[in-house]
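Participant:
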Amino acid sequence: MSATEFIPSSEQAAIKEWFQNGVVAIDGFIQKSRHLVVRARAGSGKTTTILWAISFAPESDILLCAFNKDIAVTLQNRLDNPNAVAKTLHAIGFAAVMKNWRGVKVDSTRAIRLAEAVCGSQTPEPIIRLVATLHTKGREIAPHAAKLGDLTDLAIRFECEPEPSWAVEGFDLEFVETKALEAMVLAAKGPSAGVIDFSDMIYLPLRNRWLTPKYNLVVGDEAQDWTTAQLEMMQAVCRGRICVVGDDRQGIYGFRGADSEALDNLKSSLGAAELGLTTTYRCAKSIVAMAAAIVPDFRAGENNPEGSVTNLPMDLLVQTASEGTNNEDGDFILSRVNAPLVSVAMKLLRDGKRAKIAGRDIGQNLVNLVKKMARGKASDSVPALIDKIGAWKDKESARLLPQLNRLSTRAAAENKMAAIADQAETLINIAEGATSVTEVINRINNLFADNIGRGVIVCSSVHKAKGLERNRVFLLDKTFRGGDREEENIRYVAITRAKTELVLVA
Numbered sequence: 001m002s003a004t005e006f007i008p009s010s011e012q013a014a015i016k017e018w019f020q021n022g023v024v025a026i027d028g029f030i031q032k033s034r035h036l037v038v039r040a041r042a043g044s045g046k047t048t049t050i051l052w053a054i055s056f057a058p059e060s061d062i063l064l065c066a067f068n069k070d071i072a073v074t075l076q077n078r079l080d081n082p083n084a085v086a087k088t089l090h091a092i093g094f095a096a097v098m099k100n101w102r103g104v105k106v107d108s109t110r111a112i113r114l115a116e117a118v119c120g121s122q123t124p125e126p127i128i129r130l131v132a133t134l135h136t137k138g139r140e141i142a143p144h145a146a147k148l149g150d151l152t153d154l155a156i157r158f159e160c161e162p163e164p165s166w167a168v169e170g171f172d173l174e175f176v177e178t179k180a181l182e183a184m185v186l187a188a189k190g191p192s193a194g195v196i197d198f199s200d201m202i203y204l205p206l207r208n209r210w211l212t213p214k215y216n217l218v219v220g221d222e223a224q225d226w227t228t229a230q231l232e233m234m235q236a237v238c239r240g241r242i243c244v245v246g247d248d249r250q251g252i253y254g255f256r257g258a259d260s261e262a263l264d265n266l267k268s269s270l271g272a273a274e275l276g277l278t279t280t281y282r283c284a285k286s287i288v289a290m291a292a293a294i295v296p297d298f299r300a301g302e303n304n305p306e307g308s309v310t311n312l313p314m315d316l317l318v319q320t321a322s323e324g325t326n327n328e329d330g331d332f333i334l335s336r337v338n339a340p341l342v343s344v345a346m347k348l349l350r351d352g353k354r355a356k357i358a359g360r361d362i363g364q365n366l367v368n369l370v371k372k373m374a375r376g377k378a379s380d381s382v383p384a385l386i387d388k389i390g391a392w393k394d395k396e397s398a399r400l401l402p403q404l405n406r407l408s409t410r411a412a413a414e415n416k417m418a419a420i421a422d423q424a425e426t427l428i429n430i431a432e433g434a435t436s437v438t439e440v441i442n443r444i445n446n447l448f449a450d451n452i453g454r455g456v457i458v459c460s461s462v463h464k465a466k467g468l469e470r471n472r473v474f475l476l477d478k479t480f481r482g483g484d485r486e487e488e489n490i491r492y493v494a495i496t497r498a499k500t501e502l503v504l505v506a
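In the numbering used here, the protein residues as written are 1 to 506.
Shown next as structure tokens:
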């Protein structure tokens, strides 16, 4: 982004001033600040602003931390400062591992090998798999875990609790957590069979304290989606200034381990100044007005169109939604959960419209669940499958009930129970009218997709739609629930996917 091609707003100019001179204006007073937090609202030109501001930074070594590899490549191609580089934290961590353990290779089987090593030959295979999952999540999210209780929340969130029948034989949650902690210790000692995995790229540099300050300026993008471990890595490689950028009100990945309080926590721990990007150039004024009821500092640009927010009965959704053309994006239909999207997508298809549900990974998880219940019997009747789905939902929910009575695990248990209910309802909706388990699986594979092209109506959960936008967005309004901050964030993200027209489907 050439500095001469950009005409900044007053908010953007203030950020540039910090990058160039290390100063901010607060209440009319100019003051020096070593670190900066930028609270950037949806559609406010965050990426463009940061790339432009970095071009003024005087430092010789600048790191722009990207959320994933694809984003890192895109950012690197757009960087105008020759002293700046865009990398993922996994890439930085892998370089640190290679420096200390030369010649290692990446192999996804490391997790199960570590679990087998600590569990021994007398441990049942299902328990070994639970240990493998838990120590992997521990390495990614809680790298300094050392005692019982440190991984309990993760065990609930990522379904690592053994079945009651295993607990009777001594393979209970305490056993799984103990072995997971042992596997983490073992992982830090050396590569098993000369291999590491992707979790090690975060875990090993932190656990073994391999990271050294290298960059004079570190800029962290999308910080609300980072885990505490990733934020720790960013600070560990910095020997100068830090700028953390993100939208705390788009923090909706707590279930993955993201630290939704990252901006506030870093502002406090670093003693950082704060600047904002509160003006959106994406959303029409009427849409901004609705979102501002949730996020009061959210504002529309002066030249934004008025747009519209309207209501629509559910029975008119199919005939109203547009698939666009081969050169034009179709509408978004967004839901808080996946289950209601199934019936909508199938009605659209029966009406002759092209429609997909976003998330091939979601579809694959559902296929795996169906196969597990059918136990390879693809000829099983659909009513039998539906009965098994109901039984699975009841059993999994009952297993989580004790966690609801503990303050430390209640939130994770509630979220997990909601996810189980959504999976069960999604499968039941898909199975409706199917004649065999094979047909159910085929329906799942045909419905769920990634990289959906143009000319298709995209039915999506809000989580899958984050970072995307459409001119017209339909919200399945009753699927959203009130309550805590994250639920408010989810609704804010949903609303701000719409550029010109937002339709609330009753």
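Positions of the beta carbon are idealized from the N, C-alpha and C atoms, including for glycine.
This structure is a prediction, so every number in the text was calculated from the model and none was measured.
1) Drop a sphere of 10 angstroms on the beta-carbon of residue 509, count the other beta-carbons inside from all chains shown, and report buried for 16 or more, exposed for fewer.
2) Can you tell me the Cα-Cα spacing of residue 165 and residue 159, whole angstroms?
3) Using a threshold of 8 Å, state whether the C-beta atoms of residue 460 and residue 255 are closer than that.
4) Tell me the residue span of the alpha helix (DSSP H) that contains residue 397.
5) Taking the C-alpha atoms as reference points, what is the distance between residue 177 and residue 405?
6) Please give me, in chain order, every unbroken run of the beta strand (DSSP E) with length at least 3 that falls completely inside the stretch 155–239.
7) Taking Cβ positions, are residue 304 and residue 273 nearer each other than 8 Å?
8) List the endpoints of the continuous alpha helix (DSSP H) containing residue 319.
9) Determine the contact status of residue 62 and residue 266, defining contact as a CB-CB distance below 8 Å.
10) Thinking C-alpha only, which one of 374, 407, 462 is nearest residue 391?
11) How about the stretch 423–432 and the stretch 456–476: do they share at least three Cβ pairs that are nearer than 8 Å?
12) Can you list the alpha helix (DSSP H) stretches of 4 or more residues lying completely in the stretch 95–151, in chain order?
13) Does DSSP put residue 1 in a helix, in a strand, or in coil?
14) Can you name the residues that DSSP bridges to residue 44?
15) On the three-pair Cβ rule with 8 Å, is the stretch 179–193 touching the stretch 117–128?
16) Considering only DSSP beta bridges, list what residue 31 is partnered with.
17) Is any beta-carbon of chain B found at less than 8 Å from that of residue 219?
18) Which stretch, first to last residue, makes up the alpha helix (DSSP H) that contains residue 374?
19) Using DSSP with H/G/I as helix, E/B as strand and the rest coil, what is residue 342?
20) Here's the rule: buried if 16 or more other CB atoms are within 10 angstroms of the residue's CB, otherwise exposed. What is residue 319?
21) Just the C-alpha distance for residue 1 and residue 296, rounded to the nearest angstrom, thanks.
22) For residue 311, name the three-state secondary structure that DSSP assigns.
23) Would you mind giving the Cβ-Cβ distance between residue 490 and residue 336, rounded to the nearest angstrom? I have them listed as a contact below 8 Å.
Facilitator: So, from the listed chains and residues:
1) Only positions 1 to 506 of the chain appear in this structure, which leaves residue 509 out of reach.
2) 16 Å
3) no
4) 382–404
5) 20 Å
6) 215–220
7) no
8) 317–320
9) no
10) 374
11) no
12) 110–119, 125–141
13) Residue confidence is low: residue 1 scores 46 on pLDDT, short of 50, so the model does not pin down where it sits. No coordinate-derived value is stated.
14) Partner(s): none; residue 44 has no beta bridge.
15) yes
16) 24
17) Absent from the structure is chain B; it holds one protein chain and no more.
18) 360–374
19) helix
20) exposed
21) Residue placement at residue 1 is flagged as unreliable, the pLDDT there being 46, under the threshold of 50; a coordinate-derived value is accordingly withheld.
22) strand
23) 6 Å
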